[in-house]
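In what follows, a structure is listed as structure tokens, so that the remarks can point back to it.
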Amino acid sequence: MKSFKAECWYQIYLYKRYLFNYLSDLFLLILMFMGIFWSGTLVGNGIIGSSLNATVIGYVLWTLIQNTISQMGMTVANEARNGILEQQYLMPISTKQLFFNKSIVNIITSTVQVTLVLLLIMFFTGHWLNLSLLTLLPFSLTLIATIGLGYVVVSLVLRLKRIGSTLIIFQYIYLAVLLINFEYYSSPIKILSCLLPICPMVSWIRLIVNQHSYNLPFYLVGSLFNAAFWLIIGLLVFNLTNKYIKQKGTLSLY
Numbered sequence: 001m002k003s004f005k006a007e008c009w010y011q012i013y014l015y016k017r018y019l020f021n022y023l024s025d026l027f028l029l030i031l032m033f034m035g036i037f038w039s040g041t042l043v044g045n046g047i048i049g050s051s052l053n054a055t056v057i058g059y060v061l062w063t064l065i066q067n068t069i070s071q072m073g074m075t076v077a078n079e080a081r082n083g084i085l086e087q088q089y090l091m092p093i094s095t096k097q098l099f100f101n102k103s104i105v106n107i108i109t110s111t112v113q114v115t116l117v118l119l120l121i122m123f124f125t126g127h128w129l130n131l132s133l134l135t136l137l138p139f140s141l142t143l144i145a146t147i148g149l150g151y152v153v154v155s156l157v158l159r160l161k162r163i164g165s166t167l168i169i170f171q172y173i174y175l176a177v178l179l180i181n182f183e184y185y186s187s188p189i190k191i192l193s194c195l196l197p198i199c200p201m202v203s204w205i206r207l208i209v210n211q212h213s214y215n216l217p218f219y220l221v222g223s224l225f226n227a228a229f230w231l232i233i234g235l236l237v238f239n240l241t242n243k244y245i246k247q248k249g250t251l252s253l254y
């Protein structure tokens, strides 16, 4: 519990110390979406109705992934560069618990930022989404899947050290994936999309927001499977990587 509190205070101090930078990041996220929105408005009839709902949901959840997973990777890389990571490995808690605390704190801060992004996007576009309490279920499962993805990214940083460019490429590839409406494809493709991180949750949320009829058992089972699958994958990859770097003594950046 002490390490979790320390991680929380660490994030608070970072936000206070570099507030201008974080506000700039928030402004950039809003500006990027407005660029997507305005470009869609200039083509044909623009992005309207349910297509705008789909775009907003996909973009907001991409923002959550970007802040939770990519930021996690950048943080661990910076800590390895500064020697902080080696100190953390000497703490009297397991490394799994250490990075779990980091993931939870990242998720909390990212959820707050995503909420602000969503509210500002709806304000600037004048298009307000009708969110029901049922939306909390797929969103919660999304957070569980991002914990697993966080472990995967941390494993890559611990093993490969410098993956900044890879994280940037991953962000924009996944933005395109999240903007694809898998819920309107054939059944085999919808089933295969359940293997992609958080894709069934995104489709489920879009269907709820657009008030479309859907197969509830399919999306419930698919989302539960997706969350459990990526959490297990993340833990397995992290355990193997953690064991490897301890045996080889390759924790430091150099």
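Quick note on numbering: UniProt numbering labels position 99 of the sequence shown as 99, and the sequence is numbered without any gaps.
Glycine included, each C-beta is placed from N, C-alpha and C at the ideal position.
As the structure is a computational prediction, the values presented were derived from the model and not from experiment.
The segment 183-200 / the segment 215-232 touching (three or more Cβ pairs under 8 angstroms): Enough Cβ pairs lie closer than 8 angstroms, so yes.
Check whether the Cβ atoms of Leu178 and Leu28 sit closer than 8 angstroms, and answer yes or no. As a position in the sequence shown, residue 178 is number 178, starting the count at 1. As a position in the sequence shown, residue 28 is number 28, starting the count at 1. For the 8 angstroms CB-CB criterion, Leu178 and Leu28 do not form a contact.
Neighbourhood of Ser70 by C-beta distance below 7 angstroms, restricted to the same chain and skipping five residues each side: The residue given as residue 70 occupies position 70 in the sequence shown. Excluding residues within five positions, the ones whose Cβ falls inside 7 angstroms are Leu167 and Gln171.
Cβ neighbours of Val153 in the same chain (closer than 6 angstroms, five flanking residues each side left out): Position 153 of the sequence shown holds residue 153. Around Val153, the same chain offers Ile69, Met72 and Gly73 as residues with beta carbons nearer than 6 angstroms, after the five sequence neighbours per side are excluded.
Between Ser24 and the rest of its own chain, which residues show a CB-CB distance below 7 angstroms, the 5 nearest in sequence each way excluded? Reading the sequence shown from its first residue, position 24 is the one you call residue 24. Excluding positions up to five away in sequence, the list is empty.
With a Cβ-Cβ cutoff of 8 angstroms, do Val76 and Val157 count as a contact? Looking up residue 76 in the sequence shown gives position 76. Looking up residue 157 in the sequence shown gives position 157. A contact, by the Cβ cut-off of 8 angstroms.
In the DSSP assignment, the alpha helix (DSSP H) including Gly148 goes from what residue to what residue? By 1-based counting over the sequence shown, the position of residue 148 is 148. Judged by DSSP secondary structure, Gly148 falls within the alpha helix (DSSP H) whose first and last residues are Leu136 to Leu160.
Do the CB positions of Leu26 and Val117 come within less than 8 angstroms of each other? In the sequence shown, the residue the question calls residue 26 occupies position 26. In the sequence shown, the residue the question calls residue 117 occupies position 117. It is a contact, given that the beta carbons lie within the stated cut-off.
Alpha carbon of Tyr185 to alpha carbon of Ser203, nearest angstrom: Locating residue 185 in the sequence shown gives position 185, counting from the first residue. Locating residue 203 in the sequence shown gives position 203, counting from the first residue. For Tyr185 and Ser203, the gap between their C-alpha atoms comes out near 11 angstroms.
Does the beta-carbon distance from Ile65 to Thr125 come in below 8 angstroms? The residue given as residue 65 occupies position 65 in the sequence shown. The residue given as residue 125 occupies position 125 in the sequence shown. Cβ distance not < 8 angstroms, so Ile65 and Thr125 don't count as in contact.
If you measure from the beta carbon of Trp230 to each beta carbon in chain D, is any gap under 8 angstroms? Among the chains in the structure shown there is no chain D, since it carries only a single protein chain.
Proximity winner among Lys16, His127, Lys96 and Phe4, relative to Met34 (alpha-carbon distances): Within the sequence shown, the letter at position 34 stands for residue 34. If you compare the alpha carbons of Lys16, His127, Lys96 and Phe4 with that of Met34, the shortest gap goes to His127.
Buried or exposed: where does Arg206 fall if 16 or more other Cβ atoms within 10 Å of its Cβ makes it buried? Your numbering for residue 206 matches position 206 in the sequence shown. The residue in question, Arg206, is buried, as its Cβ has 16 or more Cβ neighbours within 10 Å.
Indicate the three-state DSSP secondary structure (helix, strand or coil) for Met122 in the structure shown. One-based indexing of the sequence shown puts residue 122 at position 122. Looking at Met122 - three-state DSSP - the assignment turns out to be helix.
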